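Enquirer: Sharing a structure, written as structure tokens. Questions coming.
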Amino acid sequence: MSDFISKIPFLRLLLPAVTAIIISAFLPEIPYPRVMCTAGVGVMIFSFFIPEKKQFVYRWLFGAGVFVFVFGLFSFLCRQEKRESEFCFSDNPMACVGTVVDLPREKQRSFSCNVKVSYPLSKKIVVYLQKEDRAENIAPGDEIIFVAPIRPFKNFGNPDDFDYVRFMRNKGFSGSTYLPSANWRPTGKKDVSLYIWTQKFRKSALEFYRLFELDDGAYSFISALTLGYKHDLTNGLQEAFRASGTSHVLAVSGLHVGIIYAIFTSLFSFLGKTGKKFVLRQISVIVTLWLYAFLVGLTPSVLRATIMLTIASVGFAIGKNGFTFNTLTAAAFLILLYHPMSLFDVGFQMSFAAVLAILSFNPVINNLYRPKNKIKKYVWGLFTVSTSAQTGVFPIALYYFGTFPTCFFIANMLVVPLTGVIIYACIPMIIVVLLKPFDSVVFDWLFQVFGWILKTLINFVLKIVCFIEALPYAQWSDKYVSALQTMLLLVIVVTAFRFFSYRRSRHLIAGLVCSLVFVSTFTYAGLSRKPGQLAVFNKAGFSDIGLFVKGKRVYFDVEENGFIPHPSKSILRLSENSYTHAETARPLEIDVLILSQDPTFSMRQLANIFQAGQVVLDSSIPPYVRTRLTKECGNLGISFHDVEQDGAYLINL
């Protein structure tokens, strides 16, 4: 093991970096990171002055100094990132100046833009522009001035909700705001940074793809495949790729960067395979790869592949092998150095887990069978790579999504080769579209031919994906595992492969012990499971009432005006104010009163009829009405729960 680690020097840097990031994420602040860095440097310098006779005994000092220095450095970087994403805006409307940094995304009622605010604070926020022609034409690099209250991100507070606040904080965003047409205008200034320039080119490329005259499904697929732009994909199409185990095709990753690498390596092949021209060839490929990485948005998977191929190209230029574990750990370290919170990005975790699994497990699986036939060799190679990647990824997929595609090999065997063909087929189509304005019969004919080929290939891929998704048992669903179970699964996978590789009993014993603990966690979870609950969920603008059982929502018919069945509590839901003139000498005692929809409710009127232990205002009540009702409850001394502000209201069954 020590020999293996000694061959991966970047692993010694990655371990303290990851440790610092994880600790920083769950603690308010790690104290004195700069002191740690200084102490680490001091220990490293001191290690060089140890007498030669004692150098072997104290050889660990330099490593300890490096660990302390890297730990302190990443603690400092995490502190800086936390402060950059911290919400510091006033509650009142304020004048701000900011620059649009990404392509706007069309929503149902607005355009969503990522904006870098430069005045009065330097923060990143999400801005929702009211739908209009001016908003539709906004582009990356445009500076805007606006007046609005900026709000912090907020979770809905439902028991099964995604932690949106942490997600946006890890992305570096501080808050969001909605801008009506009258509250903003462009200043006319343009940002000309490299990233902005590539995003403008990306927008032009998306508009250029419209000239291919593809249908909406094919257009959204080609946009996601080549440019990483997935916002035009329908939810159904994304789910089909996820269920078939080919969602990596839509997320620009190592597959796509590898194809781009192969294309430009071939294009620059005229520079030769040796000497200075070969070095120039590798430099040209590296520059092209980084331009493509900026073009598709510098996602973690793209950065990982680009950094690895950059290191590999440098290695090829000096006559070394560039694809190693050290290359992978170097890519991870550099990405985290640039953006430490990328560690908690699902794409980062799955991308590195997949490549680590391929490097670790693929040689083991490959040795099981050595086909000589080229076709069999290709199919077997595709099988081993897909199996290795899925083996490394499936524990993480179960943790985040609770799903696992059972037909991933069949889908990848068909879709992955066609993906490469489609990318190559785009090249002649681009050339023909560029030449089409010359108004030649030949170019029109070529446009029809290449367009038909591209459409046929894309539609064939989409049909394959949808067919596999529709197969019985094509996907395990709702198989969520905890963080502990995820770690146990990863250990089980690693020990299983090490046992089959080295046939040592300790690996088998470790795997069996972890398997026993893994099964025991399900037994414990079953015994300690919470009872089912009646829930008033927070769904903006809607009344959402149902059951929450075993981590799932279960809906049943709920009377709009009537009692909701419960074994021990009296729960009344009202959706209409039918008690304006009602009177009673003795108010009806109920445990919970749920108010929905009607804006004319008055707690003073209702208190004369119902003596409620708890009043629940669901999210269908308009905001101004909720404000009034909460004040009335406070004045009358009635306990209340505002679902919009306090999250879902749960009652044990």
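Position in the sequence shown (from 1) plus 354 gives the number in this note's numbering.
Where is the CB? At the ideal position from N, CA and C, for every residue including glycine.
If you're wondering where the values come from, they're calculated on a predicted model, not measured in any experiment.
(1) Which complete alpha helix (DSSP H) runs does the segment 405–480 hold, if anything under 4 residues is left out?
(2) Do Val-970 and Ile-944 come within 8 Å of each other at the CB atom, strictly closer than that value?
(3) Find out if the Cβ-Cβ distance for the pair Asp-456, Gln-553 is shorter than 8 Å.
(4) Can you check whether the CB of Ile-750 is closer than 8 Å to the CB of Met-704?
(5) At the level of alpha carbons, what is the spacing between Phe-758 and Ser-598?
(6) Out of Thr-849, Phe-876, Thr-875 and Tyr-856, which one is the CA nearest neighbour of Ile-863?
(7) Per the contact definition of three or more C-beta pairs closer than 8 Å, is the segment 430–439 in contact with the segment 370–379?
(8) Rounded to the nearest angstrom, what separates Ile-807 and Leu-621 at their Cα positions?
(9) Could you check whether Gly-426 and Arg-388 sit closer than 8 Å to each other, using their CB atoms as the reference points?
(10) When the Cα atoms are used, what is the spatial distance from Met-783 to Gly-805?
(11) May I ask you to report which of helix, strand or coil DSSP gives Ala-1002?
(12) Within the same chain, show all residues whose beta-carbon is closer than 8 Å to that of Ile-918, passing over the 5 residues directly before and after it, in chain order.
(13) Answer yes or no: do Thr-984 and Phe-994 have a C-beta to C-beta separation smaller than 8 Å?
(14) Go to Gln-951, then tell me how far its alpha helix (DSSP H) extends in each direction, as first and last residue.
(15) So, is Arg-658 buried or exposed, given that buried needs 16 or more other C-beta atoms within 10 angstroms?
(16) Which partner residues does Gln-531 have in the DSSP bridge list?
(17) Considering only the alpha carbon of each residue, which of His-610, Leu-800 and Gly-571 lies closest to Asn-589?
(18) Starting from the C-beta of Leu-736, find all residues in its chain whose C-beta is less than 6 Å away, skip the five residues before and the five after it, and write them out in chain order.
(19) If we count Cβ pairs, one from each stretch, closer than 8 Å, do we get three or more for the segment 485–493 versus the segment 450–469?
(20) Taking DSSP's pairing of strands, which residues face Leu-688 in a bridge?
(21) I need the straight-line Cα distance from Phe-648 to Leu-581, nearest angstrom please.
(22) Mind checking who Lys-544 pairs with in its DSSP beta bridge?
(23) Using the Cβ count rule (16 or more neighbours within 10 Å means buried), how would you classify Cys-442?
(24) Do Asn-537 and Val-501 come within 8 Å of each other at the CB atom, strictly closer than that value?
(25) Return the residue from the list Ser-950, Gln-965, Gln-959 and Gly-967 that minimises the CA-CA distance to Pro-976.
(26) In terms of DSSP beta bridges, what is Trp-806 paired with?
(27) Quick check: Ile-384 and Ser-429, are their CB atoms within less than 8 Å of each other?
(28) Report back the beta-carbon spacing between Leu-643 and Ile-672 to the nearest angstrom; my notes put them in contact at under 8 Å.
(29) Ends of the alpha helix (DSSP H) at Phe-872?
(30) Who pairs with Ala-966 in a beta bridge, going by DSSP?
(31) Please go through the segment 613–667 and give each complete alpha helix (DSSP H) segment of 4 or more residues, from N-terminal end onward.
(32) Near Ala-371, which residues of its chain fall below 7 Å by C-beta distance, leaving aside the five closest residues on each side in sequence?
(33) So, using beta-carbon positions, are Val-890 and Asp-996 closer together than 8 Å?
(34) Rounding to the nearest angstrom, what Cα-Cα distance links Leu-568 and Ser-577 in this structure?
(35) Which residues in the same chain as Asp-496 place their Cβ atom closer than 6 Å to its Cβ, once the five residues preceding and following it in sequence are excluded?
(36) For Ile-785, does the count of other Cβ atoms within 10 angstroms reach 16, so buried, or fall short, so exposed?
Expert: Straight from the coordinates:
(1) 414–439
(2) For the purposes of this step, residue 944 is identified with residue 590 of the sequence shown, where counting begins at 1. For the purposes of this step, residue 970 is identified with residue 616 of the sequence shown, where counting begins at 1. No. Outside cutoff.
(3) Position 102 of the sequence shown holds residue 456. Position 199 of the sequence shown holds residue 553. It is a contact, given that the beta carbons lie within the stated cut-off.
(4) Position 350 of the sequence shown, counted from the start, is the residue given in the question as residue 704. Position 396 of the sequence shown, counted from the start, is the residue given in the question as residue 750. A contact, by the Cβ cut-off of 8 Å.
(5) As a working mapping, residue 758 is identified with position 404 in the sequence shown. As a working mapping, residue 598 is identified with position 244 in the sequence shown. Whole-angstrom Cα-Cα distance: 9 Å.
(6) Taking the first residue of the sequence shown as position 1, residue 863 is located at position 509. Nearest option by C-alpha distance: Thr-849.
(7) yes
(8) Mapped onto the sequence shown, residue 807 falls at position 453. Mapped onto the sequence shown, residue 621 falls at position 267. If I take the Cα positions, the gap works out to 23 Å.
(9) Start at 1 with the first residue of the sequence shown, and residue 388 comes out as number 34. Start at 1 with the first residue of the sequence shown, and residue 426 comes out as number 72. Yes, these two residues count as a Cβ contact at 8 Å.
(10) Start at 1 with the first residue of the sequence shown, and residue 783 comes out as number 429. Start at 1 with the first residue of the sequence shown, and residue 805 comes out as number 451. About 7 Å.
(11) Taking the sequence shown and counting its residues from 1, the one referred to as residue 1002 is at position 648. Looking at Ala-1002 - three-state DSSP - the assignment turns out to be coil, as it is neither helix nor strand.
(12) Position 564 of the sequence shown, counted from the first residue, corresponds to residue 918. If we look at Ile-918 and ignore the five residues flanking it on each side, its Cβ neighbours are Leu-888, Ile-899, Val-912, Ile-925, Leu-926, Arg-927 and Ile-948.
(13) To locate residue 984, count along the sequence shown from 1; it is residue 630. To locate residue 994, count along the sequence shown from 1; it is residue 640. Against a cut-off of 8 Å, the Cβ pair of Phe-994 and Thr-984 comes out as a contact.
(14) Here the question's residue 951 lines up with position 597 in the sequence shown. No alpha helix (DSSP H) holds Gln-951; DSSP gives it neither H nor E.
(15) As a working note, residue 658 is residue 304 in the sequence shown. Classification for Arg-658: buried.
(16) Locating residue 531 in the sequence shown gives position 177, where the first residue counts as 1. Before going further, note that residue 531 is Thr rather than Gln in the sequence given. Answer by DSSP bridge pairing, in chain order: Val-481.
(17) Against the sequence shown, residue 589 aligns to sequence position 235. Per the Cα distances, Gly-571.
(18) Within the sequence shown, residue 736 is the residue found at index 382, counting from 1. Cβ within range, chain order: Met-767.
(19) yes
(20) Sequence index remark: in the sequence shown, residue 688 carries index 334 (1-based). Beta-bridge pairing links Leu-688 to no other residue.
(21) By 1-based counting over the sequence shown, the position of residue 648 is 294. By 1-based counting over the sequence shown, the position of residue 581 is 227. Cα to Cα, Phe-648 sits roughly 10 Å from Leu-581.
(22) As a working note, residue 544 is residue 190 in the sequence shown. Paired residues: Asp-496.
(23) As a first step, residue 442 is located in the sequence shown; it is residue number 88 there, counting from the start. Burial call: exposed.
(24) Your numbering for residue 501 matches position 147 in the sequence shown. Your numbering for residue 537 matches position 183 in the sequence shown. Yes. Within cutoff.
(25) Reading the sequence shown from its first residue, position 622 is the one you call residue 976. Among Ser-950, Gln-965, Gln-959 and Gly-967, the Cα nearest to that of Pro-976 belongs to Ser-950.
(26) Residue 806 sits at position 452 when you count from the first residue of the sequence shown. Its beta-bridge partners do not exist; DSSP assigns none.
(27) By one-based count along the sequence shown, residue 384 stands at place 30. By one-based count along the sequence shown, residue 429 stands at place 75. Yes.
(28) Against the sequence shown, residue 643 aligns to sequence position 289. Against the sequence shown, residue 672 aligns to sequence position 318. Rounded, the Cβ-Cβ distance is 18 Å, inconsistent with contact.
(29) Here residue 872 refers to the residue found at position 518 of the sequence shown. 859–881 is the span of the alpha helix (DSSP H), which, as asked, contains Phe-872.
(30) Against the sequence shown, residue 966 aligns to sequence position 612. Bridge partners of Ala-966: Ile-944.
(31) 629–649, all fully within the segment 613–667.
(32) For the purposes of this step, residue 371 is taken as residue 17 along the sequence shown, with counting starting at 1. In its chain, beyond the 5 residues on either side, Val-424, Phe-428, Phe-687 and Leu-690 have a beta carbon closer than 7 Å to the beta carbon of Ala-371.
(33) Here residue 890 is taken as the residue at index 536 of the sequence shown, counted from 1. Here residue 996 is taken as the residue at index 642 of the sequence shown, counted from 1. No, the Cβ-Cβ distance between Val-890 and Asp-996 is not below 8 Å.
(34) As a first step, residue 568 must be located in the sequence shown, where it is residue number 214. As a first step, residue 577 must be located in the sequence shown, where it is residue number 223. Across the structure, Leu-568 and Ser-577 are spaced so that their CA atoms are roughly 11 Å apart.
(35) As a position in the sequence shown, residue 496 is number 142, starting the count at 1. Excluding residues within five positions, the ones whose Cβ falls inside 6 Å are Val-454 and Pro-540.
(36) Within the sequence shown, residue 785 is the residue found at index 431, counting from 1. Around the C-beta of Ile-785, fewer than 16 other C-beta atoms lie within 10 Å, and the residue is accordingly described as exposed.
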